[in-house]
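Following: one structure in structure tokens, then a few remarks.
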Amino acid sequence: MTDFGTMSMYIDKKRENSNPINIPRRKPAIWIPNQKVDNCFNCNSKFNFFNRKHHCRGCGRIFCSTCSKYQSNNNSLINTATPPENMNTYLNKLNTWYNPKIKLCAECYSHTKTVDKSKNTIIILSNLPLLMIDLLKLREVSKEWCESINYILSVYRSIQYKLPGQKFSKLERQLLWNHRYEFKNHYYWISKCLTANKHKSVKEMALLYKFYSTSKKETIPCKHLLCRTDCNNLCKPEDILEIGYNVDLNKFPFFQVYLMDLLLIKNSNYWQLLLPWIIELSKIYPQIGALLCVKTTDTASLYNIYYEIKYNLSFQENENLEEIFKILKSKLKHYELMNDIRKTDEFIKFIPLTIKKIENKIPLKQIELDIMSFFCINISISMPWNPTEKCVGIKLNHIKRLNSSSRPYMVPFIIQNQSGHKYTKYILIKNEDIRKDKLTMCVSKWITIVCNDIFTINTYNVFPITLSYGWVEMIEDCETLYNIKNTHQKTLQNYLMDINPRISILDMRNNFIKTCVASCILCYILGVGDRHTENILVNKYGDLVHIDFSYLLGEDPKINTEINITPDMLDMLGGYNSPTFMKFKKVCSEAYKKIRRRSSLWYMLLTYLTFSIPAIPQYYDNLEMIKIHTIERLIPGELDEEGNIQIMKILDKSSTSWTNQISEYSHKLSNNMKDAATYVKSTTTGIFNIEL
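According to full-length UniProt numbering, the residues represented by the sequence shown are 1 to 692, in order.
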């Protein structure tokens, strides 16, 4: 008997013609966006005015009229791809009523014929109390059984790629429940099984919880369950969040304990990156927050929990969160941390008061005395994101105000680390809502974790305090691409060579490939808009750093570009069609493949925009917007070959597009006009103003 489970790598190759006994390819289970496809999925013919695009209602892929000529009546056992809500117009619904037949590709039509012919066989086989590996073996009984089980396997394998919150068909729910006791330590399957069967009784779910949490039964190999290649019996953050946000944990309170056990066995750096989502769950399920506070022991984690809860309570009254806050404060008193927390709170209030004195032109000697007095009383202040870093002073004479749109202040803190070494760290004091920046840094850290063998993203701490006040940690020795070109009068390549004379151009380009891939992947996933040469920085090592994330999910005040590769960045990569640029595209493809496999993670992280309080306009409670964005950018569940075609097309378009040049030119023109206006009306700009 062939071990079919080992064939998962070539099962899903697009052009492979499967033998009847082979495991069928999975389906994407989403509606592939029109703008992502230029060629027919089957015959590869180019779409144009005459050769129009047609969606298969079975798999959601796009075909030409010839390859999607098949029609069939819908069936409860047939999985159909659902168009986005904006396509569910009255005219479309009327057309569906008038013509109930659905348009299908050849493969889906073949599945439909199998269902019509063997409906009873499929129902019986999907309900049999057999292990998945035994169901595979039954395909050798007869041709009808082989076709029926192949259809079941096609449906079953596609379940793993569903986004959290997507609806399950009756057949999918039955398959998951029937094989639930095979899923121990297979968390992709566990999360889907629990969310698909949340209507089950408390008794049934309690038995399942007991099995998953205490059973000593041996874990079934991934190849026997046809798991995804990245299963590895590891619980991932998206699995925890999917269960937490899609299962009624008040109805099944034992799963609150289950989730926290899964979460807290990870190191604290891991779950701290999920803290906003955990605190949001705690508003509904207080046991989660209480367990988090009780079981957390390290100081940095307690600080992060304190400020996350405090921020939420400053805008929203919530009895559950207030009770959790009391538990946390009791824990902080036990650890003798309340005094340190109090000093940090006082320091957070002290900074804007100091800036106000500067704006009111209070004598600098008086302000300096106030700063000295504050630190004489408090000695040192723990930084809110890392209490091992202690602020022991402020360099008053080096406080500067930047000339960017929000006019933030750059305040130099004197930091002392655990070894007693002192250094200066610049903190940007922003008078605006910086929650989007916080989300972006969180996503950046998760991207680094997922793609750690390919690249790392330079991140910095973002600390929202109110809607009009927040701190942003600045990365040292950075320069904007705008200043490199217009102030230093150099190309990016020459600038980096000048500050790194001992590094060869080959080594520099190889490093730049990685940082450029990281930059492109981050901006593409989040749909970061308003990218220009003043919010893209480069450090002395040649690493790109993005700042200012006011526009997300494809929003852009200017021309919308999915990925922004500036002319200087392209020059640093050796130009279009150069060997370095080809290598850049290859690395980008590898990273995108890894990112797509974790589509559910990015979906769950982006839900922060939908629940963050106070509401972020346009995003609040708009999960459909997050879902559409995730599908458009990552086409979850689609074959890797198709995903590679999409990212290559976008990179080619971004590197040769005239929109980047127009955007850069218009930004430079805008800056020149601002400078001219400032020159005409200025008398003195003050010692605290500098050009960004």
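For every residue, glycine included, the Cβ atom is placed at its ideal position computed from N, Cα and C.
Residue 419 versus residue 375 - alpha carbon distance = So the alpha carbons of these two residues sit roughly 20 Å apart.
Beta-carbon proximity of residue 63 to residue 108, cut-off 8 Å | Judged by their CB atoms, residue 63 and residue 108 are not nearer to each other than the 8 Å cut-off.
Distance between beta carbons of residue 53 and residue 34, contact taken as under 8 Å = Contact between residue 34 and residue 53 is confirmed by a C-beta separation of about 6 Å, below the 8 Å threshold.
Give the straight-line distance between the Cα atoms of residue 501 and residue 299, rounded to the nearest whole angstrom.
-> Using only the alpha carbons, I get a separation of about 43 Å.
Who pairs with residue 202 in a beta bridge, going by DSSP?
-> According to DSSP, residue 202 bridges with nothing at all.
Does the region 426-435 come close enough to the region 395-411 to have 3 or more Cβ pairs within less than 8 Å?
-> Output reads yes: the region 395-411 touches the region 426-435.
Every unbroken alpha helix (DSSP H) inside the UniProt domain "FYVE-type" (34-113) [4 residues or more] | Here the runs fully enclosed are 90-98.
Can you tell me the Cα-Cα spacing of residue 146 and residue 155, whole angstroms?
-> If I take the Cα positions, the gap works out to 14 Å.
Cβ of residue 233 within 8 Å of Cβ of residue 186?
-> Yes. Within cutoff.
Presumed contact (8 Å Cβ cut-off) between residue 188 and residue 227, rounded CB distance | The Cβ separation is near 7 Å, so the contact holds.
Measure the CB-CB distance between residue 162 and residue 143 and report whether it falls below 8 Å.
-> No.
Look at residue 36 and residue 158 and say whether their C-beta atoms are less than 8 Å apart.
-> Judged by their CB atoms, residue 36 and residue 158 are not nearer to each other than the 8 Å cut-off.
Which residues mark the beginning and the end of the alpha helix (DSSP H) in which residue 629 is found?
-> Boundaries of the alpha helix (DSSP H) harbouring residue 629: 623-634, taken from the DSSP string.
Is residue 390 helix, strand or coil by DSSP?
-> DSSP places residue 390 within a strand segment (E or B) once states are collapsed to three.
Residue 238 by DSSP, collapsed to three states: which one?
-> Helix.
Please work out which residues of its chain come closer than 6 Å, Cβ to Cβ, to residue 388, disregarding the five sequence neighbours upstream and downstream, and give them in chain order.
-> Answer for residue 388: 418, listed in chain order.
Is it true that the CB of residue 323 sits closer than 8 Å to the CB of residue 313?
-> Not a contact, by the Cβ cut-off of 8 Å.
Hey, is the region 189-208 in contact with the region 162-172, meaning 3+ C-beta pairs nearer than 8 Å?
-> Yes, the region 189-208 is in contact with the region 162-172.
Assign residue 464 to one of three DSSP states: helix, strand, or coil.
-> Residue 464 falls in the strand class under three-state DSSP.
Distance, Cα to Cα, residue 131 vs residue 150?
-> Linking residue 131 to residue 150 through their CA atoms gives a straight-line distance of about 15 Å.
What is the rounded straight-line gap between the Cα of residue 348 and the Cα of residue 622?
-> Distance between the alpha carbons of residue 348 and residue 622: 33 Å.
Exposed or buried, residue 532, counting other C-beta atoms within 10 Å across all chains shown (16 or more means buried)?
-> Burial call: buried.
What residues in its chain sit with their C-beta under 7 Å from that of residue 476, if we drop five residues either side in the sequence?
-> Setting aside the 5 residues that flank it on each side, residue 476 has no residue in the same chain whose C-beta is closer than 7 Å to its C-beta.
Where residue 425 falls: helix, strand or coil (DSSP) = Here residue 425 sits in strand by DSSP.
Which residues share a DSSP beta bridge with residue 413?
-> Answer is 394 and 425, bridged to residue 413.
Spatial distance of residue 694 from residue 80 (CA atoms) = Only positions 1 to 692 of the chain appear in the structure, and residue 694 is not among them; the question remains open.
Cβ-based neighbour list, residue 616, same chain, cut-off 6 Å, excluding 5 preceding and 5 following | So the qualifying residues of the chain are 609.
Collapsed DSSP secondary structure at residue 381 in the structure displayed = Residue state, collapsed to three classes: strand.
Do the region 544-556 and the region 512-519 make contact, defined as three or more Cβ pairs closer than 8 Å?
-> With the cut-off at 8 Å, the region 544-556 and the region 512-519 touch.
Provide the residue span of the alpha helix (DSSP H) that contains residue 440, from first to last.
-> Judged by DSSP secondary structure, residue 440 falls within the alpha helix (DSSP H) whose first and last residues are 435-450.
Using the beta-carbon count (16 or more within 10 Å), is residue 60 buried or exposed?
-> Label assigned to residue 60: buried.
In this structure, does DSSP put residue 261 in helix, strand or coil?
-> DSSP places residue 261 in the helix class (H, G or I) of the three-state scheme.
DSSP puts residue 289 in a beta bridge; with which residues?
-> The partner list for residue 289 (beta bridge, DSSP) is empty, contrary to what the question assumes.
Which residues in the same chain have their Cβ closer than 8 Å to the Cβ of residue 328, if we skip the five residues on either side of it in sequence?
-> 293, 302, 305, 306 and 309.
Residue 341 classed as buried or exposed, judged by whether at least 16 other C-beta atoms fall within 10 angstroms | By the 10 Å Cβ count, residue 341 comes out buried.
Helix, strand or coil for residue 588 per DSSP?
-> Helix at residue 588.
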